[in-house]
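Under our numbering, the residues of the sequence shown are numbered 18 to 413, in order.
From the three backbone atoms N, C-alpha and C, an ideal C-beta is built for every residue, glycine too.
Here the structure is a predicted model, which is why all the values come from computation and not from measurement.
Below is one structure, written out as structure tokens; the observations come after it.
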Amino acid sequence: MKVLVINCGSSSLKYQLFNMENQSVLAKGIVERIGLEGGMLKHQPANKDKVEISENIPNHKVAVKMMLDALLDKKHGVLENISEISAVGHRVAHGGEKFARPVLINDAILEGLKECIPLAPLHNPANVLGIEAVRQILPETPMAAIFDTAFHQTIPEHAYIYGIPYELYKKYSIRRYGFHGTSHRYVSMQVARFLGKPIEDLKIVTLHLGNGSSISAVKNGKSIENSMGFTPLEGIVMGTRCGSIDPSIVFFLMEKEGISLDKINDYLNKKCGVLGISGVSSDFRDLEDAAAAGNTRAKLALDVFAYQAKKYIGSYAAAMNGLDAIVFTGGIGENSISIRRMICDEMDYFGIKIDDAKNNVRGKEADISADGSKTRVLVIPTNEELMIALDTVSLI
Ligand code: ADP
18 MKVLVINCGS SSLKYQLFNM ENQSVLAKGI VERIGLEGGM LKHQPANKDK VEISENIPNH
78 KVAVKMMLDA LLDKKHGVLE NISEISAVGH RVAHGGEKFA RPVLINDAIL EGLKECIPLA
138 PLHNPANVLG IEAVRQILPE TPMAAIFDTA FHQTIPEHAY IYGIPYELYK KYSIRRYGFH
198 GTSHRYVSMQ VARFLGKPIE DLKIVTLHLG NGSSISAVKN GKSIENSMGF TPLEGIVMGT
258 RCGSIDPSIV FFLMEKEGIS LDKINDYLNK KCGVLGISGV SSDFRDLEDA AAAGNTRAKL
318 ALDVFAYQAK KYIGSYAAAM NGLDAIVFTG GIGENSISIR RMICDEMDYF GIKIDDAKNN
378 VRGKEADISA DGSKTRVLVI PTNEELMIAL DTVSLI
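Here is the structure:
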């Protein structure tokens, strides 16, 4: 069975085609700059040369056509016939309180997805556009929506309610949702497999650290906390996002810096975080290089990031009344030896000790705990696309 996974942004469409018999990737690619000048498709088939095609791509329907043409191409393609695609799984950013699990898409579900647009105005419209475009071109193919928020719908009320009037939660659905759910679910399942224990018996903190970072408490296989909140702006400081700050800072900044209401959200999402603290970069490789060369603000940005992550581990151990394992994933979690070291430093009270030799690993599954560490510390590369493909298969 072949399953196509699509992650559609406002101007890009990423795809991976899986052979589910052995969970291998047959081809993957990205259509970039949809609706902008300089459109481009980059297609990488397994065991064949990659191809890049530059042409104007006016909308998502044209992008979907380009992707399917590349998959069917005599030279670079991996399909003889489009009917070989058994199902399509779409990543959807926000499922609100409506969607607590993946769903097969039909007209009613599509309406439900549109109702979630006010909760994620930057992401959900593009997801819906992608679904509609694929539906027009492949009307007979079953399609599933897999939500970034769904795994976190088990977060209990006392953890998702903010200190604002309850009526406003009811009126506008203002609450903690949590994000990166597909990744947190995938790596927590992999932790259970790695440790050879049932997930129902484990208390795990999952650290998805990338351009966007979120941390989850996964107790007995269920998410009970996530550091991101109503939007992916809350939580640990990120590449360019401020993370949790005193809300009064927002009004102070608007007044003192003359930032208008329509600009402030963009400012907090794109100009802050470790980029803002360091003045160097949002990329942790640049920050590590700059810190090593003596740049004190780059070092400060790394210190702030690691300290905040450490505090989440402590608070989630308290929330779960225990901790069996922590797992690092995402671009930073999988690759940054020094960030993992900094986060796990002086955590022996929580039973966390890492072995520097074992921690000397990038981008692959590893147990980096020191001998005698009560809490196991793992590195597990995330695979959200595979998780989406597996969910899609279960649904059909
Ligand atoms: P996204 O949230 O966009 O999916 P990723 O999970 O791919 O992001 O993470 C991207 C980030 O991972 C980069 O910005 C960079 O900071 C970090 N990163 C990747 N490789 C390394 C590395 N070798 N050392 C330190 N940081 C790395």
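Taking C-beta atoms as the reference points, T248 and G290 fail to come closer than 8 Å. In this structure the segment 198-212 does not touch the segment 173-186; the number of beta carbon pairs closer than 8 Å is below three.
In this structure, DSSP gives M57 an extended state, which the three-state scheme calls strand. For Q325, the enclosing alpha helix (DSSP H) covers residues T313 to M337.
Closest by C-alpha distance to K115, out of A125, H107 and G106, is A125. Each of L136, P119, M364 and P75 was checked against the Cα of V394, and the nearest Cα belongs to M364. Here the alpha carbons of D86 and G94 stand approximately 8 Å from one another.
In the structure shown, the three-state DSSP call for C25 is strand. Residue selection by CB proximity (closer than 5 Å to any heavy atom of the ligand ADP) returns G227, N228, G229, D300, F301, R302, G347, G348, I349, N352 and S353 in chain order. A distance below 8 Å separates the beta carbons of I163 and V109. Comparing alpha-carbon positions, the option among H169, S298, R50 and Q153 lying closest to I70 turns out to be R50.
In the structure shown, A63 adopts coil according to DSSP, grouped into three states.
Going by beta carbons, I349 and F301 fall inside the 8 Å limit. Under DSSP, L212 shares a beta bridge with no residue.
Taking a cut-off of 8 Å on C-beta distances, the segment 187-195 does not touch the segment 376-389, as fewer than three cross pairs fall below it.
Taking all protein chains in view, the Cβ of K31 is crowded by 16 or more other Cβ atoms within 10 Å, so the residue is classified as buried.
The beta carbon of S29 lies closer than 7 Å to those of I47, V48, E49 and I51 in the same chain, with the five residues before and after it left out. The beta carbon of S261 lies closer than 7 Å to those of E251 and G252 in the same chain, with the five residues before and after it left out. Annotation for R393: no alpha helix (DSSP H) segment contains it, though the beta strand (DSSP E) segment containing it runs R393 to V396.
As DSSP reads the structure, V68 sits in a beta bridge with H60. CA-CA distance, N312 to I294, rounds to 12 Å.
Between the beta-carbon of V344 and that of I221 there is about 6 Å, and that keeps the pair under the 8 Å contact cut. Shown here, G368 sits in coil according to DSSP, grouped into three states, outside any helix or strand.
Taking 8 Å as the upper bound for CB-CB distance, H77 and A150 are in contact here, some 4 Å apart. A323 sits close to I356, with the two beta carbons spaced by under 8 Å. Taking C-beta atoms under 8 Å as the contact rule, G195 and I216 fail to qualify, at a distance of about 18 Å. Around the CB of P119, 16 or more other CB atoms lie within 10 Å, so the residue is classed as buried. Using a 10 angstroms sphere on the CB of A309, the tally of other CB atoms stays under 16, which defines it as exposed. In the three-state DSSP reduction, T171 falls in the helix class (H, G or I).
The shortest CA-to-CA distance from K45 to any of G380, Y203, G339 and H60 is the one to H60.
By the Cβ neighbour-count rule, K327 is buried, with 16 or more other Cβ atoms within 10 Å of its own. Rounded to whole angstroms, the separation of the alpha carbons of L21 and T158 is 10 Å. The beta-bridge partner set that DSSP reports for R108 consists of I163. Within 10 angstroms of the beta-carbon of N243 lie 16 or more other beta-carbons, which makes it buried.
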